[in-house]
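To keep things clear, I will list the structure first and then write my remarks on it.
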Amino acid sequence: MKTFVLFLVFVAFCAAYLVFYNVRKKKRDAEEAERKSELSEEEKKAEEEAAKQMEEDSECCGQHEVCEKTNLINTKLTAEYYDDEELDVLAGRDPKDYTEGELAELRHVFETLKEYDVAGWLRSTQLRNIELPEDIKEEALLIVSDLRDRENAK
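The opening residue of the sequence shown carries number 18 in my numbering; numbering runs sequentially from there.
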């Protein structure tokens, strides 16, 4: 009998928790909907962009056959800049023709990238028709390969 009473108390507690959680979630959803309805079109677009950027910046979710964080295949039609607009002067040129200053700038941009941004940067330089010197290209590919290995090990 004591076990049965404890079981009923447990079931009642679980039911009360579920009801409380559901009411709280509905209240939060209603507040969010009201807040969004009060936003201007510009604010809505800015919020969508921020959400999209957060999604892109987050760790790989593991839902893709090939992780987008380490994928070197261009799936976007527009280049993404990594605070490296000055590298556009290198577009269409052979890396052997780069000046020492241009090579230093390229090396600086590469070395200041976050590890998880390297694959995106490689895709971006490819879209912008910027050919990388072999040493930088090899280092970048090694970083991407290491990231892939770590993702696969998880």
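Backbone N, C-alpha and C define an ideal beta-carbon position, used for all residues, glycine too.
Q. Between Val22 and Ala29, what straight-line distance do the alpha-carbon atoms span, to the nearest angstrom?
A. Walking along the sequence shown from the start, residue 22 turns up at place 5. Walking along the sequence shown from the start, residue 29 turns up at place 12. Cα-Cα distance, rounded: 10 angstroms.
Q. DSSP state of Asp163, grouped into three classes?
A. Position 146 of the sequence shown, counted from the start, is the residue given in the question as residue 163. The answer is helix: DSSP assigns Asp163 an H, G or I state.
Q) Would Ser141 be called buried (16 or more neighbouring beta carbons within 10 Å of its own) or exposed? A) Here residue 141 refers to the residue found at position 124 of the sequence shown. It is buried - the Cβ of Ser141 has at least 16 other Cβ atoms within 10 Å.
Q. For Leu130, does the three-state DSSP call read helix, strand or coil?
A. Along the sequence shown, one-based indexing puts residue 130 at 113. Of the three classes helix, strand and coil, the one that applies to Leu130 here is coil, per DSSP.
Q. From Glu168 to Val135, what distance separates their C-alpha atoms?
A. For the purposes of this step, residue 168 is identified with residue 151 of the sequence shown, where counting begins at 1. For the purposes of this step, residue 135 is identified with residue 118 of the sequence shown, where counting begins at 1. Taking the straight line joining both Cα atoms gives about 15 angstroms.
Q. If you draw a straight line from the alpha carbon of Asp105 to that of Glu60, how long is it in whole angstroms?
A. Looking up residue 105 in the sequence shown gives position 88. Looking up residue 60 in the sequence shown gives position 43. Their backbone Cα atoms lie some 31 angstroms apart in a straight line.
**Q.** Continuous alpha helix (DSSP H) stretch holding Leu107: start and end
**A.** Counting from one through the sequence shown, the residue named residue 107 turns up at place 90. Segment: none, Leu107 is in no alpha helix (DSSP H) and carries neither H nor E.
(Q) Give me, in chain order, the residues of the same chain whose beta-carbon lies closer than 6 angstroms to that of Asn146; leave out the 5 immediate sequence neighbours on both sides. (A) Start at 1 with the first residue of the sequence shown, and residue 146 comes out as number 129. Within the same chain, Asn146 has close Cβ partners Ala108 and Gly109.
Q.
Do Glu103 and Glu122 have their beta-carbon atoms positioned less than 8 angstroms apart in this structure?
A. Looking up residue 122 in the sequence shown gives position 105. Looking up residue 103 in the sequence shown gives position 86. Contact: yes.
(Q) Quick check on Ile147: does DSSP put it in helix, strand or coil? (A) Here residue 147 is taken as the residue at index 130 of the sequence shown, counted from 1. In the structure shown, Ile147 sits in coil (DSSP, three-state: anything other than H, G, I, E or B).
Q. Using the C-alpha atoms, what's the distance from Pro112 back to Ala157?
A. As a working mapping, residue 157 is identified with position 140 in the sequence shown. As a working mapping, residue 112 is identified with position 95 in the sequence shown. In a straight line, the C-alpha of Ala157 is about 16 angstroms away from that of Pro112.
Q | Asp101 classed as buried or exposed, judged by whether at least 16 other C-beta atoms fall within 10 angstroms | A | The count along the sequence shown starts at 1 and reaches residue 101 at position 84. Asp101 comes out buried.
Q.
Please classify Phe27 as buried or exposed, where buried requires at least 16 other C-beta atoms within 10 Å of its C-beta.
A. Numbered from 1 along the sequence shown, position 10 holds the residue referred to as residue 27. That one is exposed.
Q.
For Ile160, which residues in the same chain have their Cβ closer than 7 angstroms to its Cβ, ignoring the five residues on either side in sequence?
A. As a working note, residue 160 is residue 143 in the sequence shown. Once the five neighbours on either side are set aside, the close Cβ partners of Ile160 are Glu132 and Val135.
(Q) Using the three-state DSSP reduction, which class does Ser57 fall into: helix, strand or coil? (A) Within the sequence shown, the letter at position 40 stands for residue 57. Residue state, collapsed to three classes: coil.
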